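In our numbering, the protein residues as written are 5 to 322.
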C-alpha cells in the first residue's frame with residue numbers, strides 16, 4: 005500500500021512555528037517507520053520568507069497539490085487579505101477530487117476564502133472569533149474546540165493546537181498506538197482535554213463610567229466570599245432595587261449575578277494556580293455555596309475540572 009502524501013503550503017511571511025508543526029509530524033519522525041510522503045509547496049510566486057527572515061526553497065508549486073491526499077494550510081499572514089486566486093482554485097479542485105483539506109490556526113481563513121467552509125463547523129484561534137464570524141457568517145465557528153473534523157475538512161485552533169490536530173490526522177490513518185508513539189517522541193500529550201475554553205480571556209471591565217457602581221464593584225471584589233443580595237446592594241448605593249439592577253447592567257453590560265459568577269470563577273482560578281488549598285476551601289473563599297456548585301460552574305465555563313486546571317496551571321508546574 006502506498007504511503008499517504010501530505011502537501012504543506014508555504015507562503016511569504018510565514019510563521020516558523022506553525023509551518024514546522026506539520027513538517028515535523030508528517031516527516032520521518034519515527035526513525036524505523038516511514039508514515040507519509042511529505043512535500044512542501046509554494047502557495048505563491050516569489051521568495052518564501054518567514055516573518056523572521058528565514059527562507060524556504062520550496063521544491064514544488066501548486067502543482068504539488070495534484071497528487072496530495074492531505075493538504076495543509078498551516079497559517080495565514082493577514083486575516084483581511086484574500087489569498088491569490090490560483091491557490092484558492094487549487095484548493096477547490098483538490099477538495100473536489102477528494103483530498104482532505106486542513107487549515108491550522110489562521111489557515112482556516114484561507115479555506116474560508118476558498119469557499120470550502122460554507123455551512124461547516126470549523127475552528128480557528130479564539131482571539132479572532134468576532135473577526136472570523138463577521139467575515140464568514142455562513143460558517144459555524146466552534147470557539148472551544150482544539151480542532152474540528154467536518155468530513156473532508158479539518159480545522160484547528162491557534163498555535164499549539166496545530167500539534168493536536170496533526171496528531172489526530174496521524175491517528176486517523178495509523179491508530180492510537182502509532183500516534184501515542186509519535187507524541188512520546190515529541191514529549192507532548194497524545195490528547196488534550198478542555199478545548200480552548202481554558203485559555204480564553206474574557207475579562208469584565210474593572211471600572212465603569214458610573215462612580216457609585218465602581219465603588220460597589222470594589223466592595224464586591226473584596227467580599228466575594230460573602231453572600232450578597234440585590235436589596236442590600238441596592239441599599240448600599242442608595243437606589244431602589246429596580247433602579248440599581250438597571251444601572252448595574254448599563255454600567256457593566258451584565259447582571260449582578262453574572263458579574264459575581266465571573267469574578268468568583270476568576271478568583272477561583274487564581275487560588276487554584278497560586279495555592280494548594282483543598283477544592284472545598286477554594287470554593288468557599290471564591291464565594292460558592294458548595295464545592296459541587298463550584299465544580300459545575302467551573303466545568304461549564306472552562307470545560308475542565310478545577311483539579312485539571314490546577315494540574316495545568318499551578319505555580320509548581322512553571
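The beta-carbon is built from N, C-alpha and C at its ideal position, and this holds for glycine as well.
Since the structure is predicted, the reported quantities are computational estimates derived from the model, not experimental observations.
Of the residues assessed, residue 191 falls on the exposed side of the cut-off, its CB having fewer than 16 other CB atoms within 10 angstroms.
Residue 170 sits in a helix when the DSSP states are folded into three classes. When 147, 73, 273 and 215 are compared, the shortest CA-CA separation from residue 299 is found for 273.
Under DSSP, residue 112 shares a beta bridge with no residue. In the structure shown, the three-state DSSP call for residue 192 is coil.
In this structure, the beta-carbon distance from residue 279 to residue 287 does not fall below 8 Å. In the structure shown, the three-state DSSP call for residue 39 is coil. Counting only residues of its own chain and dropping the five nearest sequence neighbours on each side, residue 238 has a CB closer than 8 Å to the CB of 244, 245, 247, 248 and 249. Boundaries of the alpha helix (DSSP H) harbouring residue 261: 260-278, taken from the DSSP string.
Contact between residue 196 and residue 145 is ruled out by a C-beta separation of about 20 Å, above the 8 Å threshold. DSSP places residue 11 within a strand segment (E or B) once states are collapsed to three. Pairing residue 140 with residue 116 gives a Cβ-Cβ distance under 8 Å. Taken in chain order, the complete beta strand (DSSP E) segments of 3 or more residues contained in the segment 33-79 are 41-46 and 74-77. In chain order, 267 place their CB closer than 7 Å to the CB of residue 225, counting only its own chain and leaving out the 5 sequence neighbours on each side. A direct Cα-Cα distance of roughly 15 Å separates residue 223 from residue 261. C-alpha of residue 175 to C-alpha of residue 182: approximately 7 Å in a straight line.
For the options 166, 259, 88 and 9, the alpha carbon positioned closest to that of residue 234 is the one of 259. For residue 133, the closest of 126, 147 and 124 by C-alpha to C-alpha distance is 147. For residue 158, the CB contacts under 8 Å within the same chain, skipping 5 residues up- and downstream, are 104, 105, 106, 107, 151, 152, 169, 172 and 173 in chain order. Spatial neighbours of residue 264 in its own chain (CB-CB distance under 8 Å, excluding positions within 5 residues in sequence) are listed in chain order as 224, 228, 232 and 291.
Per DSSP, the continuous beta strand (DSSP E) segment holding residue 154 begins and ends at 151-154. Per the DSSP secondary-structure output, residue 134 pairs with nothing in a beta bridge. Judged by DSSP secondary structure, residue 127 falls outside any alpha helix (DSSP H); it is assigned neither H nor E. Going by DSSP, residue 286 is part of the alpha helix (DSSP H) stretching over 283-290. Burial is judged here by how many other beta carbons sit within 10 angstroms of a residue's own beta carbon; residue 26 has at least 16 and is buried. Distance from residue 52 to residue 94 at the Cβ level is roughly 16 Å; contact not present, criterion being Cβ atoms closer than 8 Å. In the three-state reduction of the DSSP assignment, residue 107 falls in the strand class, which pools E and B.
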